[in-house]
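Peer 1: Residue numbers (the numbering used here): 231 to 439. Can you keep this structure in mind? I'll have questions shortly.
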């Protein structure tokens, strides 16, 4: 049974697949998209999209011939394979991070010590910032008192004093913003250690830590 003319996809496919077993006779069986059962002595073009079975002359199954994918199906399969590859990459990276985390913190004491050291460093920075904030506040109070004296005497404050006031206001606003940012950083570090501890407890569990 010859399917397709010369140069047709069906014939090319048959030439590629039909006699790959050194000329040994085979029987091809399939059900086409319309539900019709077809049997032939070579790959069946009508079943390229549905797949077919290749049998030996004895009727024993030799192999399953998978469907030939359309361009759209090939694109979908390529996307699926890419997604699977990316997932494997992410899983491998997660395992690498887990190993590094356990090496860095082999037990609870090591993790607690690192947390305390990090937070102590942050608290030191915060203390210095609050000290600077208090200093700027005192400077501002002093400048305000001098400006009030000039107002009470119905005189104009010197330009230099007004400039000092503006600079103090600017510095206090900047210091306040930096302090808020540092507080957020401390909270972020604390959250990181909390999340690490949750993961570490899972990783330590097999070792009974």
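Glycine included, each C-beta is placed from N, C-alpha and C at the ideal position. Owing to the predicted nature of the structure, the values given are computational and were not obtained by experimental measurement.
1. Skipping 5 residues on each side, what residues in its chain have a beta carbon closer than 8 Å to that of residue 348?
2. Alpha carbon to alpha carbon, what distance is there between residue 361 and residue 413?
3. In chain order, which alpha helix (DSSP H) runs of at least 4 residues are fully inside the region 313-397?
4. Short of 6 Å in beta carbon distance, which residues of its chain neighbour residue 257, apart from the five on each side in sequence? Order them along the chain.
5. Give the straight-line distance between the Cα atoms of residue 318 and residue 298, rounded to the nearest whole angstrom.
6. Should residue 341 be labelled buried (16 or more other beta-carbon atoms within 10 Å of its own) or exposed?
7. If you follow the beta strand (DSSP E) that residue 298 is part of, which residue opens it and which one closes it?
8. Can you have a look at residue 272 and say buried or exposed, based on whether 16 or more other CB atoms are within 10 angstroms of its CB?
9. Three or more C-beta pairs closer than 8 Å, one from the region 327-344 and one from the region 380-393: is that the case here?
10. For residue 284, which residues does DSSP report across the bridge?
11. For residue 263 versus residue 280, is the C-beta distance shorter than 7 Å?
12. If contacts are defined as beta-carbon pairs under 8 Å, then residue 394 and residue 373 qualify, I think. What distance do you get, rounded to the angstrom?
13. Indicate the three-state DSSP secondary structure (helix, strand or coil) for residue 403 in the structure shown.
14. Where does residue 321 land, buried or exposed, given buried means 16+ other C-beta within 10 angstroms?
15. Per the contact definition of three or more C-beta pairs closer than 8 Å, is the region 386-393 in contact with the region 424-433?
16. Please state if the CB of residue 275 and the CB of residue 255 are separated by a distance shorter than 7 Å.
Peer 2: This is what the structure gives:
1. In the chain shown, residue 348 corresponds to position 118, counting from 1. The beta carbon of residue 348 sits closer than 8 Å to those of 419 and 423, all from its chain and outside the five residues before and after it, given in chain order.
2. As a first step, residue 413 is located in the chain shown; it is residue number 183 there, counting from the start. As a first step, residue 361 is located in the chain shown; it is residue number 131 there, counting from the start. Answer to the nearest angstrom: the Cα atoms are 15 Å apart.
3. Those alpha helix (DSSP H) runs which fall completely within the region 313-397 and span 4+ residues are 338-382.
4. Within the chain shown, the letter at position 27 stands for residue 257. Answer for residue 257: 285, listed in chain order.
5. Along the chain shown, read from residue 1 onward, the residue named residue 318 stands at position 88. Along the chain shown, read from residue 1 onward, the residue named residue 298 stands at position 68. Their backbone Cα atoms lie some 27 Å apart in a straight line.
6. Residue numbering aside, residue 341 sits at position 111 when the chain shown is read from its first letter. Buried: at least 16 other Cβ atoms inside 10 Å.
7. As a working mapping, residue 298 is identified with position 68 in the chain shown. Counting along the chain, residue 298 falls outside any beta strand (DSSP E), and DSSP gives it neither H nor E.
8. Translated into the one-based positions of the chain shown, residue 272 becomes position 42. It counts as buried.
9. No: fewer than three Cβ pairs fall under 8 Å.
10. Stepping through the chain shown from its first residue, residue 284 is reached at position 54. DSSP lists 258 and 293 as partners of residue 284.
11. On the chain shown, position 33 is the one that residue 263 refers to. On the chain shown, position 50 is the one that residue 280 refers to. Yes; because the gap between Cβ atoms is below 7 Å, this pair is in contact.
12. Position 164 of the chain shown holds residue 394. Position 143 of the chain shown holds residue 373. The distance from the Cβ of residue 394 to that of residue 373 is about 5 Å, consistent with a contact at the 8 Å cut-off.
13. Along the chain shown, read from residue 1 onward, the residue named residue 403 stands at position 173. If DSSP states are grouped into helix, strand and coil, residue 403 belongs with the helices.
14. Counting from one through the chain shown, the residue named residue 321 turns up at place 91. Answer is exposed; the Cβ neighbour count stays below 16.
15. Taking 8 Å as the limit for Cβ pairs, the verdict is that the region 386-393 does not touch the region 424-433.
16. Taking the chain shown and counting its residues from 1, the one referred to as residue 255 is at position 25. Taking the chain shown and counting its residues from 1, the one referred to as residue 275 is at position 45. Using a Cβ distance threshold of 7 Å, residue 255 and residue 275 do not count as a contacting pair.
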